[in-house]
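In this note's numbering, the protein residues as written are 90 to 610. Ideal Cβ positions, reconstructed from N, Cα and C, are used throughout, including at glycine. What you are looking at is a predicted structure, and each value in this text was computed from that prediction instead of being measured. Have a look at the structure below, then the notes.
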Amino acid sequence: MQLSIGSSAALLSLVGLVSANPTGNVEARDAAAAAVAATATSPGSYCCQILKLRLGSKISFPNSAPYNASIGSYFSEQNNVITPACVVSPTTTKDVQEAVGILSTLSLVGQFSGRACQFAVRSGGHTPWAGSATIQDGVDIDLSALNHITPAEDKKTVSIGPGNRWIDVYLKLDALGLGVSGGRVASVGVGGLTTGGGMSFFAPRYGFVCDTVTEFEVVLASGKVVVANAKTNPTLWSALKGGSNNLGVVTRIDLEVFDQGKFWGGTVVYPISTAPQQLAAFVNFNGQKKFDEYGAIINSYGYLKSQGGWFVSNNYEYTKAEEYPPVFNEFTSIQPQLFSTMRISNTSDFGIEMEGSTPYGRGQIMYTQTYANDLETITNLFNHATTLLEPVADVEGLVWSLSLQPLPTQITKWGDIKGGNSLGLHESSGNLVLALMSASWPNPADEKAVTAAIIDTLAKTNAFAKKKGTFNSYEYLNYAHKTQTPITGYGAKNVAKLKAASHKYDPLQVFQKRVPGGFKL
């Protein structure tokens, strides 16, 4: 694509990079315009060149070390092979403000000239499906350097940059004897997990991670920086709690903190023959009449051919320093136990342990659904997960897993208590089961077959659950596959609120039209 110096100069003036005054900086303007016109070969590269005029070394290009480090740090192989035209690495909110403002302006003008900028925004880059937080030949905004962690003097909140990984937050707070409701896997990013809802070890005590947000700082599509809390921009505040990347770029998240010492947790592995006992124990745990708010579990059924096939792996956490509390008795009495890491430790250590089961750089898929807390339904899911594995069981290096997580009213009640969120879950939703089917594999050629088997597994149980009346439309956004519609699952009322907030804070719909990654409204 050949660009004229005249049109480039006009755009540079429009975005404020050089003076538009004809008696002022004409030579500088035309020199910059000539450079952009000479080097731009696509809309993406054109946008990158203009960004570089403002942000300099914070823009990196293919084959440079900063660029390679960014694009190679995604969780999945599917995203690691995508090559954006450039990567923006902001270190301040002002950098984000300038980048988003320029991209929005260029997109507005470019829709008439075919040079509209498309961009992606990432914090940790843990969502596995291709293009979820990166973009081929577009502009990646990598928030990794927005990584401050600042506890308030009164130790009631902590201010966190969205580019942090949760391990960074936990290491800081563990040393202070403080806790925060955050992700359970060490390397997951703060920004994406929080705006997608967020499950944590502390969910029964405080709700979803997003329910503990006291304030967001957000760069809107216009480039304006605003704060959103219960009193200032409250509709934006509640919309961002589940609204993902649809409303702006979050540059600061303030979360509630609490006193937290070491606690009991770890992993116990059992033979697959114990599955009927495990499933019954899970339903009983999830259906406690008086829920023990310190107890949390992930009940998983995994397959590794290299390790002899199927097994059960339970992650237990009891967020007090109390070993083998009664709430887990039905699980811990199941025998035999093949392996155990149960211990008293801290959030950082447990996050690192969870990280060990999720290796980076492989093909990855996650697919999710929610059901009522019903033994027959989750048994149906387990049966399909085992039988529908068979066509892909011999895929080299395959790791296949069904994980069940409690989503009782003890968790879902907090959204309303804390000022509302976008998720569509309430105490009236009843006790629910959050199901996750996931798999990873080393050879990209196996993606199609493994994905089909995963989708088929949940499709069959969804049909069963709909017939039985135990299906729930909620799809946890942070686990959702690209073929799913998690925001629709929030319910029509919440979708309408999100769309209203989107039109209020992004009237030109930049984050709907120019940020194709993620789940749109």
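- Within the same chain, Cβ atoms closer than 8 Å to the Cβ of Val316 are found at Glu304, Phe305, Glu306, Val307 and Asn322, the five residues on either side in sequence being excluded.
- A contact between stretches requires three or more CB pairs, one per stretch, nearer than 8 Å, and the region 163-176 meets this requirement with the region 144-152.
- In the DSSP assignment, the residues bridged to Gln494 are Leu523.
- Remark: three or more beta-carbon pairs, one from each stretch, lie closer than 8 Å, so the region 549-557 and the region 449-467 are flagged as touching.
- For the alpha helix (DSSP H) assignment, the uninterrupted runs of no fewer than 4 residues enclosed by the region 386-425 are, from N- to C-terminal side, 418-421.
- Given a length threshold of 4 residues, each whole run of the alpha helix (DSSP H) inside the region 147-224 is given here in chain order: 154-160, 166-169 and 182-202.
- When DSSP reads this structure, Met455 sits in a beta bridge with Ser527.
- Boundaries around Val302 are those of the beta strand (DSSP E), Val302 to Val308, since no alpha helix (DSSP H) includes it.
- Relative to Asp381, the option among Phe600, Ala292, Asn462 and Ser389 whose CA is nearest is Ala292.
- When the Cα atoms are used, Asp257 and Leu344 turn out to be separated by approximately 15 Å.
- Around Ala319, the same chain offers Gly508 as residues with beta carbons nearer than 6 Å, after the five sequence neighbours per side are excluded.
- As DSSP reads the structure, Leu267 sits in a beta bridge with Asp348.
- Residue pairing by DSSP puts Trp353 in a beta bridge opposite Tyr407 and Ile433.
- Contact annotation, Tyr579 with Ser511: C-beta distance approximately 6 Å; criterion of less than 8 Å satisfied.
- In the DSSP assignment, Thr546 falls outside any beta strand (DSSP E) and lies within the alpha helix (DSSP H) extending over Glu536 to Lys557.
- Using a 10 angstroms sphere on the CB of Asp348, the tally of other CB atoms stays under 16, which defines it as exposed.
- Bridge pairing for Asp231: Arg211 [DSSP].
- It is roughly 5 Å from the alpha-carbon of His515 to the alpha-carbon of Thr501.
- Pro365 is the residue among Gln396, Tyr449, Pro365 and Thr182 whose C-alpha sits nearest the C-alpha of Gln424.
- Taking 9 Å as the cut-off, the beta carbon of Gln207 is found no closer than this to the beta carbon of Gly190.
- For Thr283, the enclosing alpha helix (DSSP H) has its first and last residue at Val279 to Thr284.
- From the listed residues Arg143, Arg273 and Gly332, the smallest Cα separation to Gly354 is found for Arg273.
- Between Lys409 and Ser434, the alpha-carbon positions lie close to 10 Å from each other.
- Its Cα nearest to that of Gly504, the residue Ala328 stands out among His592, Ala328 and Gln167.
- Short of 7 Å from the beta carbon of Gly350, and not among the five residues preceding or following it, lie these beta carbons of its own chain, in chain order: Gly266 and Ala410.
- Beta-bridge pairing by DSSP links Val316 to Glu306.
- Here Val488 is not near Leu427, since their CB atoms are 9 Å or more apart.
- The distance from the Cβ of Phe297 to that of Ala385 is about 13 Å, inconsistent with a contact at the 8 Å cut-off.
- Per DSSP, the unbroken beta strand (DSSP E) holding Val247 starts and ends at Thr246 to Ile249.
- Membership of Ile139 in the alpha helix (DSSP H) is indicated by the continuous run Pro132 to Leu144.
- Note on Thr239: under 16 other CB atoms within 10 angstroms of its CB, so exposed under the neighbour-count rule.
- For the pair Ser159 and Ser233, the CB atoms are nearer than the 9 Å cut-off.
- Beta-bridge pairing by DSSP links Trp489 to Tyr392 and Ala528.
- Rounded to whole angstroms, Val170 and Ser529 show a C-alpha spacing of 16 Å.
- Annotation: Lys244 to Asn334 spans about 29 Å, alpha carbon to alpha carbon.
- Contact annotation: Trp255 and Gly268 have beta-carbon atoms that are not nearer than 9 Å.
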